[in-house]
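Below is one structure, written out as C-alpha cells; the observations come after it.
Number of protein chains: 2
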Amino acid sequence: MDEETKIPQATAKRLPLYYRFINNLYLQGKKRVSSKELSEAVKVDSATIRRDFSYFGALGKKGYGYNVEYLLSFFRKTLDQDETTEVALIGVGNLGTAFLNYNFMKNNNTKIVVAFDAQKERVGGEIGGVPIEHIDNLEEKMGNVSVAILTVPSQAAQGITDRLVAKGVSGILNFTPARITVPSTVRVHHIDLSVELQSLAYFLKHYPL
Amino acid sequence: MDEETKIPQATAKRLPLYYRFINNLYLQGKKRVSSKELSEAVKVDSATIRRDFSYFGALGKKGYGYNVEYLLSFFRKTLDQDETTEVALIGVGNLGTAFLNYNFMKNNNTKIVVAFDAQKERVGGEIGGVPIEHIDNLEEKMGNVSVAILTVPSQAAQGITDRLVAKGVSGILNFTPARITVPSTVRVHHIDLSVELQSLAYFLKHYPL
DNA sequence: CAAAAATCGTGAGTGATTTCACAAAGTCAG
DNA sequence: CTGACTTTGTGAAATCACTCACGATTTTTG
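Going line by line, the protein sequences match chains D and C. Residue numbering for the first sequence follows the numbering used here, starting at 431 and increasing by one per position. Residue numbering for the second sequence follows the numbering used here, starting at 431 and increasing by one per position.
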C-alpha cells in the first residue's frame, strides 16, 4: 500500500503495456523472457524495464531472466485484472462508436457497460453489445460506474463533466479538446487527437532525427 | 534554428495546446491575457507557461501580461500554421472513419489527403471529402505525404509500416497496440487507447487524490 | 565440475522538467 | 505624478525519470 504509493508515475503508465506483452508471450507458450527481449518488443530500454520491475521486488532470477507465468500472474494481481472496472461512454459519434466496437475486454479489465447520446435516433439501439441511452437519463441509467469516457462535442464537455462528477465518477478519459474543470478528487486524463498530430508535425520539422 | 533545437520536448508538446487556446481568446475579442488566466484555461501551472514562452524570448510585458494578437501571430509562425502538412490515413475502420469525419482543419495545419483500406467495399468512395484507395495501391497513390496515421488491425501494423517507411514517410501516429519497428530516422508517436484506459483505472485504485 | 556466458538488481550519475520565489518593470487609479 | 498593484522572466532548488555500469548469482557448455 505505502509501497505502491512510491511507484513513479512513469512506471505506472507502462504497466498495462508490459502486461499485454507478457500475456502475448504466455499465449505463445514462452516460458522465460529477459529484459533485453522484452525491451525489443515494447521499445523501452532494458534497464528501465528492470528498474520498473524492481519497484515490485525481485521478480527475476539472475542469469535466467523472468519466468513468464510468474510475471503474468504477478501483473494480473497488481493491475487488478481479475476485477473489472465498469465504464460509461458519453457521446456516440464517430469516435464513441469506434470505442464501442473496439473489444476492450481482450487483455483488459475495463468494460463499457452503458453509452449515452443526445440524438434521439441513436438512443434505444446498441453497438457492440452496449445499450445506448439518452443523455437526459444520465443520472438514472449510469448506475455507479466510476470511470467515464468523454467523446462529445467540446461545447458540451464541461456541462456533462459536472453531471458526471455530481454522480460520483472518479476518473474521466477526456477525448474532447476542451480542458475540463473538476474537483481535486477526480482524475482526468486528456487525449487530444489534434494536438497529437500537430505535435508530431512540429517534431518532424524542428527536431530532425 | 539552433535556438529551436534547445526547446525542451515537454514544452514542444504543449505548443499546439497553447495555440488553440490563444486562438479562442482572439476569436472572443480578448486583447490581453496573463499566464495566470491561461493557466486556468489549459490546466498547466502558470510558471510553466511563462517558462515555456520564455524559450522564444520575451513575449510578454511585465505588469500587463501577453498581447493576444501578438502571441497568436507568433505561435502561428512557430507552429507553421500557414504551411499545411499532408497526412495519409491507413485503415478505414471505426477509428479511421472517426478521423476522416473529424475536422482537423479547424485551428490546424494538418490535413488528411488520402485514405487506404484493405476491404474492397470501402474503396472508391470518400469520407469527409477524403478519397479511399485500396491498400494494394499504397505506393502509387500516396504521393509524398510525410506523415501517416495508422488505424489498422495490429497484425497488419508492421507490414504496412515497412511499406510506409520505404515510401519515405518520416512520421507515424500509431493507434494500434503493436509496437512497430522503424529506422532511427522515422519518428513514431504511440497512442494506445486500451493502455490509456487501463492506466487511468490503475491510477484511480493506487494513487488516491 | 570448471570456466564462460547470461542476466538481474541497483548505486550512482546524468539529464530533463517543474516549481518556487522574487527583483524588475510595467500598469492603473486617483 | 505617486504609490499600490500586477505580472513577467528567470536564477536556483526541487523533483522526477532515465541510463550506465558492475557485482552477484545463476545457467549453460564442454
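Virtual Cβ for every residue (Gly too), placed ideally from N, Cα, C. The structure presented is a predicted model; accordingly, all values stated were derived computationally and were not measured.
- Within chain C, the residues placing a beta-carbon under 8 Å from that of residue 472 of chain D are 609, ordered along the chain.
- The C-beta distance from residue 606 of chain C to residue 580 of chain C rounds to 6 Å, short enough to meet the 8 Å contact threshold.
- As a beta-bridge residue in DSSP terms, residue 546 of chain D pairs with D:520, D:563.
- A direct Cα-Cα distance of roughly 6 Å separates residue 437 of chain D from residue 485 of chain D.
- For the pair residue 624 of chain D and residue 538 of chain C, the CB atoms are nearer than the 7 Å cut-off.
- Take residue 601 of chain C, set aside five residues on each side of it, and the residues of its chain with a beta-carbon closer than 8 Å to its own are 576, 577, 578, 616, 617, 618, 619, in chain order.
- Residue-level contact check: residue 631 of chain D touches chain C, since one or more beta carbons of chain C fall below 7 Å from its beta carbon.
- Proximity of chain D to residue 453 of chain C at the Cβ level (cut-off 9 Å) is not reached, the minimal Cβ distance being about 11 Å.
- Short of 8 Å from the beta carbon of residue 588 of chain D, and not among the five residues preceding or following it, lie these beta carbons of its own chain, in chain order: 608, 610, 611.
- Taking the CA atoms as reference points, residue 526 of chain D sits about 22 Å from residue 628 of chain D.
- Bounds of any beta strand (DSSP E) do not take in residue 498 of chain C; it lies within the alpha helix (DSSP H) bounded by 498–508.
- Two segments are said to touch when three or more pairs of C-beta atoms, one from each, lie closer than 8 Å; by this definition the segment 496–513 of chain D does not touch the segment 548–558 of chain D.
- For the pair residue 451 of chain C and residue 472 of chain C, the CB atoms are nearer than the 7 Å cut-off.
- In this structure, the CA atom of residue 613 of chain D is about 23 Å from the CA atom of residue 566 of chain D.
- Using a Cβ-Cβ cut-off of 7 Å, residue 568 of chain C does not count as an interface residue toward chain D, since no Cβ of chain D sits closer than that to its own.
- One finds 639 in chain D with Cβ atoms closer than 8 Å to the Cβ of residue 614 of chain C, taken in chain order.
- A Cβ-Cβ distance of about 7 Å is found for the pair residue 569 of chain C and residue 593 of chain C, placing them in contact under the 8 Å criterion.
- At a Cβ-Cβ threshold of 7 Å, residue 516 of chain C and residue 541 of chain C count as neighbours.
- Against chain C, the beta carbon of residue 442 of chain D has neighbours under 8 Å at 629, 632, 633, 636, 637, listed in chain order.
- Using a Cβ-Cβ cut-off of 8 Å, residue 539 of chain D is close to 628, 631 of chain C, given in chain order.
- Residue environment: residue 528 of chain C is assigned as buried (16 or more neighbouring CB atoms within 10 Å of its CB, all protein chains considered).
- For the 7 Å CB-CB criterion, residue 447 of chain C and residue 509 of chain C do not form a contact.
- Using a Cβ-Cβ cut-off of 9 Å, residue 606 of chain D is close to nothing in chain C; its nearest Cβ partner there is about 11 Å away.
- Interface residue (Cβ-Cβ distance to chain C less than 7 Å): residue 459 of chain D is not classified as such.
- Secondary structure at residue 444 of chain D: helix, using DSSP grouped into helix, strand and coil.
- DSSP places residue 452 of chain C in the helix class (H, G or I) of the three-state scheme.
- Setting aside the 5 residues that flank it on each side, residue 511 of chain C is surrounded in the same chain by 539, each with a C-beta closer than 6 Å to its C-beta; the list follows chain order.
- For the 7 Å CB-CB criterion, residue 557 of chain D and residue 519 of chain D do not form a contact.
- Put simply, the CB of residue 552 of chain C is far from chain D, with every gap to its CB atoms at 7 Å or more.
- No Cβ of chain C is located within less than 7 Å of the beta carbon of residue 595 of chain D.
- Within its own chain, the residues whose Cβ lies closer than 8 Å to the Cβ of residue 621 of chain C, once the five positions on either side in sequence are excluded, are 603, 604, 605, listed in chain order.
- Residue pairing from DSSP places residue 601 of chain D in a beta bridge opposite D:577, D:617.
- Within 10 angstroms of the beta-carbon of residue 477 of chain C lie fewer than 16 other beta-carbons, which makes it exposed.
- DSSP lists C:496 as the beta-bridge partner residues of residue 463 of chain C.
- Around the beta carbon of residue 521 of chain C, a 10 Å sphere encloses 16 or more other beta carbons of the protein chains shown; the residue is thus reported as buried.
- For residue 446 of chain D, at least one C-beta of chain C is nearer than 7 Å to its own C-beta.
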